[in-house]
Amino acid sequence: MSPREEILKCEIPEKENPYLPERARIIRKYDLTSDVRFFQVRLCNQTKAMEWTTKYKPGQFMMLSIPGVGEAPFSITSSPTRPGIFEFCIRKVGKLTSKLFEMKENDFVWLRGPFGNGFPVEKMGEKDLLFVAGGLGAAPLRSVLLYALDFREAFGKIYYLYGAKTPDEMLFKNEFIDMKERDDFDCYLTVDKDPDGNWPYDVGVVTTLFKYVKDIDAKNTVAVVCGPPVMYKYVVDEFLKLGIPEENIYMTLERKMKCGMGKCGQCVVGHKYTCIDGPVFTLWDVKTIRNLI
Ligand SMILES: Cc1cc2nc3c(=O)[nH]c(=O)nc-3n(C[C@H](O)[C@H](O)[C@H](O)COP(=O)(O)OP(=O)(O)OC[C@H]3O[C@@H](n4cnc5c(N)ncnc54)[C@H](O)[C@@H]3O)c2cc1C
Ligand code: FES
0 MSPREEILKC EIPEKENPYL PERARIIRKY DLTSDVRFFQ VRLCNQTKAM
50 EWTTKYKPGQ FMMLSIPGVG EAPFSITSSP TRPGIFEFCI RKVGKLTSKL
100 FEMKENDFVW LRGPFGNGFP VEKMGEKDLL FVAGGLGAAP LRSVLLYALD
150 FREAFGKIYY LYGAKTPDEM LFKNEFIDMK ERDDFDCYLT VDKDPDGNWP
200 YDVGVVTTLF KYVKDIDAKN TVAVVCGPPV MYKYVVDEFL KLGIPEENIY
250 MTLERKMKCG MGKCGQCVVG HKYTCIDGPV FTLWDVKTIR NLI
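Okay, so the sequence shown: first residue is 0 according to numbering that gives the first Met the number 0, each after it adds one.
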């Protein structure tokens with residue numbers, strides 16, 4: 000065999016290319032609010048559909064793209080305990096999301112991931128959990144909430160406090176109202192304003208719901224806040240007032256991203272890559288890394 004023939008015969012081992020997205024079909028979509036839409040998608044490759052949807056952590060995100068339009072990160076709002084599909088809540092803000100809002104069921108999008116560190120579910124076992132969401136922050140928090148409820152016996156008390164601007168702007172409103180009926184965890188909802196006067200629950204900013212948080216073992220509690228950064232200071236103050244240790248307080252942060260995997264440098268803050276060291280950070284990280292919030 001000539002050297003040329005040998006080279007041609009030589010097989011290069013096939014390697015997964017992390018930049019290559021997988022095609023996925025939109026199987027369900029509906030409006031959650033006037034500018035946020037729910038998308039349920041399934042990878043076309045059946046093997047990968049099961050593999051990818053069981054091997055991620057709540058709090059991780061996927062890079063979603065439409066060829067010729069763009070790519071952006073979106074938090075997975077479904078839970079790996081309910082495999083087969085990925086769910087996203089997407090706010091229409093720019094080029095990619097506007098195109099996505101034009102798409103119909105059975106249209107294709109492209110996904111790669113999952114990326115990011117996710118919530119520390121491995122440290123949450125047997126702890127009390129206090130989740131606080133504001134606005135679109137309910138998207139990543141729904142994932143960890145469903146996860147905790149599907150493994151209910153593995154955790155202590157669970158509180159979920161969620162605030163939206165108005166009842167019409169509350170994501171998964173009916174789902175959370177139904178959850179209020181459950182007696183194995185506490186779900187409290189509030190709105191900043193109730194223009195129609197028909198909202199039967201609390202009115203006021205999300206911190207007003209802390210009055211319902213009773214009987215938690217503060218030193219043994221993991222607290223998570225997700226929402227607009229402006230609410231973090233007030234919510235963190237409430238966590239600290241309850242006596243929750245700083246190292247048990249987590250928050251998600253957003254930065255513009257390109258690669259999602261620590262290569263392009265787009266998301267760097269201080270010495271951290273938001274795409275691999277985040278998007279979930281501890282209060283300790285936020286205090287010690289300048290400009291993280
Ligand atoms: C880890 C992570 C998770 C995210 N999860 C969600 C989610 O679950 N649902 C959702 O709707 N969005 C989410 N986002 C934000 C989403 O990726 C951006 O809104 C995305 O850029 C929209 O793409 P576009 O082409 O439609 O808008 P673009 O044309 O890219 O931008 C539209 C506007 O939004 C601004 N913008 C874009 N990205 C960001 C950002 N990260 N932070 C602040 N401003 C930004 C731009 O400067 C511009 O003003 C997430 C972002 C990150 C980093
Ligand atoms: S998005 Fe490229 S390094 Fe984080």
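C-beta atoms are modelled at their ideal positions from N, C-alpha and C, and glycine is treated no differently.
As the structure is a prediction and not an experimental result, all values here were calculated from the model.
- Remark: C-beta atoms of L291 and L252 approach each other more closely than 8 Å.
- DSSP places Q45 within a helical segment (H, G or I) once states are collapsed to three.
- Measuring C-alpha to C-alpha distances from L140 to each of V92, T207 and S74 identifies S74 as the nearest.
- Spatial neighbours of M62 in its own chain (CB-CB distance under 6 Å, excluding positions within 5 residues in sequence) are listed in chain order as E70, P72, R111, G112 and G259.
- Classified as buried, K56 has 16 or more neighbouring CB atoms from the shown chains inside 10 Å of its CB.
- In terms of Cβ geometry, G58 and F107 do not form a close pair [threshold 8 Å].
- DSSP places E121 inside the alpha helix (DSSP H), whose first and last residues are V120 to M123.
- Residues of the same chain with a CB within less than 6 Å of the CB of V223, apart from the 5 flanking positions on each side, are F130 and Y249 in chain order.
- The alpha helix (DSSP H) runs lying completely inside the stretch 183-221 and spanning 4 residues or more number zero.
- By the neighbour-count definition (other C-beta atoms within 10 Å, threshold 16), I26 is an exposed residue.
- A straight line joining the alpha-carbon of K262 with that of W198 spans about 47 Å.
- Near ligand 2, meaning a beta-carbon closer than 7 Å to one of its heavy atoms, we find M256, K257, C258, G259, M260, G261, K262, C263, G264, Q265, C266, V267, Y272, T273, C274 and I275.
- In terms of CA proximity to I275, Q265 leads the group L282, W283 and Q265.
- For W283, the CB contacts under 7 Å within the same chain, skipping 5 residues up- and downstream, are E245 and E246 in chain order.
- Bridge pairing for G69: I65 [DSSP].
- In the assembly as shown, P278 is a buried residue. Its beta-carbon has 16 or more other beta-carbons within 10 Å.
- Take A153, set aside five residues on each side of it, and the residues of its chain with a beta-carbon closer than 6 Å to its own are G124, in chain order.
- Residue burial is scored here from C-beta neighbours: K164 has fewer than 16 other C-beta atoms within 10 angstroms and is therefore classed as exposed.
- Excluding the 5 residues flanking it on each side, V204 has same chain C-beta neighbours closer than 8 Å at G162, T189, D191, M230 and Y233, in chain order.
- F100 sits in a helix when the DSSP states are folded into three classes.
- Straight-line spacing of the CA atoms in G242 and K47 works out to 43 Å.
- The bridge partners DSSP lists for G133 are G162.
- The closest heavy atom of ligand 1 lies less than 7 Å from the beta carbon of V92.
- Straight across, the Cα-Cα distance linking F175 with G93 is about 28 Å.
- Under the three-state reduction of DSSP, V40 is assigned to strand.
- Counted as a single uninterrupted DSSP element, the alpha helix (DSSP H) harbouring E174 occupies residues K172 to M178.
- Bounds of the alpha helix (DSSP H) holding V285 are L282 to T287.
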